[in-house]
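Novice: Mapped onto the working numbering, the consecutive letters of the sequence shown carry residue numbers 3 to 401.
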Amino acid sequence: MQGGVATVVEEGPYDRYQGHYDVATGLLVGATSAQQNGVGQTQIQVRAVPLGEPSERAGWLLLIEAEGAPETEADAPVEFHGMLTRDPAMKRMFRILSRAALSEAPVLVRGETGAGKELVANAVHALSARRNGPFRAINCAALPPTLLESELFGHVRGAFTGAVRDQPGHFALANKGTLFLDEVGELPLDLQAKLLRVIETRSVIPVGARDPVPVDARIVGATHRALRREVEAGRFRADLMYRLRVVPIFLPPLRARKADISLLLQHFIHKRNEQGGRVIERISPSARALLERHPFPGNVRELKNIIEYAFVVGTGPVLVESDLPPEFSEAPGTPEGESETRAESADRNGAADGATSPEAAKILRALERAGGSRERAARTLGLSRVTLWRRMRALGLIK
């Protein structure tokens, strides 16, 4: 196959783009708009469009960018497999993912909690030749090491107390598909060595077994840590890092994507309006200003939870300040000296993910209102309890 004709049709008042897809170059040649909408702005939703037989190389059209397009179109919103953005860095990341998905290379996603790392992994799977195979996800920080080994590699009957039958692990369950290893940086060193062996031999040895079992799963890893620093500190194997990060992907935090805050606000409000009950038609200027200044340590997940909170506690068609969680109504008040002390402590603890003193102040306020309960404070912040503990440790709030 030398090429194919690709058409992307968008719902609503948007243009229909058509062009010739050149397999050799991977470019859409002579892209034209089949109809004019007169809106003055085009929103193109990024999708995977099959071209030719699945066995053919480069058989998917992933992103259309018209050559010589007006500069204003660079700011147009783009949706990519559940991720919505106006941000140029995110759009570049989408292009890299689109190309990386066509290979079998391991992908390592670095990003903060709630930023959408699993959405990235799902996109890689959906765009790959393994899309019809299983997608399995496991959080390496959520289980103790003894249980994590069994979950990853499986076990045989009698391997330990309670092992009454053979049980396949996630590698076996993801055979011919994709395995997402969330928070892979939290793996203990002994399990890192075993994971490295699996990658090198493409086989696993279940707990209690002697013979290896062949597996064929593509690995997408994710971490909130800078693995190079973890290697330097002796907490992560350099050889495993190089095996996992063949294609490194950085997922920017929401606070670095200011233009996306308003876009995501409208998106989540629209989705929630469709569920019935309260309908929010607009956001008051003061509430919008508070939201746009917010640091969002919990990223997109936190923003979604804030909107859900507003729908639950508020009334009327306008989202106002009183509809926001309690910490928004409290004045941020961390003394300058205290902020510097915490920042220095965060540096000593290896914090490298952009944590700032306003984040520490917000966590402390949430804990105070929760009566010291980390579990309730985590729910208020839109974080998991484990993530809240990690952020507190990184910021020097706990030892």
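Glycine residues also receive a C-beta, built at the ideal position from the N, C-alpha and C atoms.
Do three or more CB pairs link the segment 160–168 to the segment 240–255 at distances below 8 Å?
Specialist: Short answer: they don't touch.
Novice: When DSSP labels each residue in this structure, what does Gly187 get in the three-state scheme?
Specialist: The answer is helix: DSSP assigns Gly187 an H, G or I state.
Novice: Buried or exposed: which applies to Val281, given that a residue is buried once 16 or more other Cβ atoms fall within 10 Å of its Cβ?
Specialist: Val281 is exposed by the Cβ-count criterion.
Novice: Contact defined as beta carbons within less than 8 Å: I believe Glu390 pairs with Ala379. What is the distance between those atoms, to the nearest angstrom?
Specialist: The sequence shown places Leu at residue 390, rather than the Glu named in the question. With a Cβ gap of about 7 Å, Leu390 and Ala379 count as contacting.
Novice: Take every Cβ of the segment 231–240, pair it with every Cβ of the segment 273–280, and state whether three or more of those distances are shorter than 8 Å.
Specialist: Counting Cβ pairs under 8 Å, fewer than three are found: no touch.
Novice: Whole angstroms are fine: how far does the CA of Lys196 sit from the CA of Ala161?
Specialist: Whole-angstrom Cα-Cα distance: 17 Å.
Novice: Just to confirm, is the Cβ distance from Val233 to Glu151 under 8 Å?
Specialist: Taking 8 Å as the Cβ cut-off, Val233 and Glu151 do not qualify as a contacting pair.
Novice: Considering only residues of the same chain and omitting the five flanking positions on each side of Ile211, which have a CB-CB separation below 6 Å?
Specialist: Before going further, note that residue 211 is Ala rather than Ile in the sequence given. For Ala211, where only same-chain residues beyond five positions count, the Cβ hits under 6 Å are Val158.
Novice: Quick check: the segment 309–319 against the segment 130–138, are there 3 or more CB pairs under 8 Å?
Specialist: The segment 309–319 is not in contact with the segment 130–138.
Novice: Count the C-beta pairs between the segment 103–116 and the segment 217–226 that are closer than 8 Å, then say yes if the count reaches three, no if not.
Specialist: Yes, the segment 103–116 touches the segment 217–226.
Novice: Let me make sure I understand the geometry here. Which of Leu397, Thr382 and Arg376 has the alpha-carbon closest to that of Val388?
Specialist: Ranking Leu397, Thr382 and Arg376 by Cα distance to Val388 puts Arg376 first.
Novice: Which ranges does the alpha helix (DSSP H) cover as unbroken runs of at least 4 residues, wholly within the segment 221–270, from first to last along the chain?
Specialist: Correct list: 229–234 and 240–246.
Novice: Mind reading off the beta-carbon distance from Leu326 to Val302? Whole number of angstroms is fine, and I expect it under 8 Å.
Specialist: Not quite, the Cβ-Cβ distance comes to about 17 Å (not below 8 Å), so this is no contact.
Novice: In angstroms with no decimal places, state the Cα-to-Cα distance between Val109 and Phe82.
Specialist: Looking at the two C-alpha atoms, the distance is approximately 17 Å.
Novice: Helix, strand or coil for Arg199, going by three-state DSSP, please let me know.
Specialist: Helix, per DSSP.
Novice: Would a C-beta distance cut-off of 8 Å place Leu229 and Arg245 closer than the cut-off?
Specialist: Cβ distance not < 8 Å, so Leu229 and Arg245 don't count as in contact.
Novice: Near Val200, which residues of its chain fall below 6 Å by C-beta distance, leaving aside the five closest residues on each side in sequence?
Specialist: Excluding positions up to five away in sequence, the list reads Val206.
Novice: Which residue wins for smallest C-alpha separation from Leu193, given the options Gly179, Pro146, Ala235 and Ala176?
Specialist: Closest by alpha carbon: Pro146.
Novice: Starting from Phe173, trace the alpha helix (DSSP H) both ways and give me its first and last residue.
Specialist: Per DSSP, Phe173 belongs to the alpha helix (DSSP H) from His172 to Leu175.
Novice: Name the one or two DSSP bridge partners that Glu81 has.
Specialist: According to DSSP, Glu81 bridges with Leu86.
Novice: Using CA atoms only, rank isn't needed, just tell me which of Arg101, Arg97, Gly236 and Arg88 is closest to Leu189.
Specialist: The candidate whose alpha carbon is nearest that of Leu189 is Gly236.
Novice: Do Glu329 and Leu292 come within 8 Å of each other at the CB atom, strictly closer than that value?
Specialist: Their beta carbons are not under 8 Å apart, which means Leu292 does not touch Glu329 by this criterion.
Novice: Out of Thr203, Leu121 and Arg101, point me to the one whose CA is closest to Asp213's CA.
Specialist: Out of Thr203, Leu121 and Arg101, Thr203 has the C-alpha closest to the C-alpha of Asp213.
Novice: What's the gap between the Cα of Arg101 and the Cα of Leu385?
Specialist: In a straight line, the C-alpha of Arg101 is about 32 Å away from that of Leu385.
Novice: For Ile400, which three-state DSSP category applies?
Specialist: Coil at Ile400, not helix or strand.
Novice: With a CB to CB cut of under 7 Å and the five nearest residues on each side skipped, what residues in its chain are close to Ile400?
Specialist: Hits under 7 Å: Met394.
Novice: Mind checking Gly318: buried by the 16 CB within 10 Å criterion, or exposed?
Specialist: So Gly318 counts as exposed.
Novice: So what does Gln169 bridge to, in DSSP terms?
Specialist: Beta-bridge pairing links Gln169 to His157.
Novice: Phe96 to Ala125, Cα distance in whole Å?
Specialist: Cα to Cα, Phe96 sits roughly 9 Å from Ala125.
Novice: Which of helix, strand or coil does DSSP assign to Ala103?
Specialist: Coil at Ala103, not helix or strand.
Novice: Please go through the same chain and pick out, in chain order, the residues whose beta-carbon is closer than 6 Å to the beta-carbon of Ala176, but skip the five residues on each side of it.
Specialist: Answer for Ala176: Pro136, Arg138 and Ala219, listed in chain order.
Novice: Would you report the Cα separation of Lys273 and Ile309, rounded to the nearest angstrom?
Specialist: About 10 Å.
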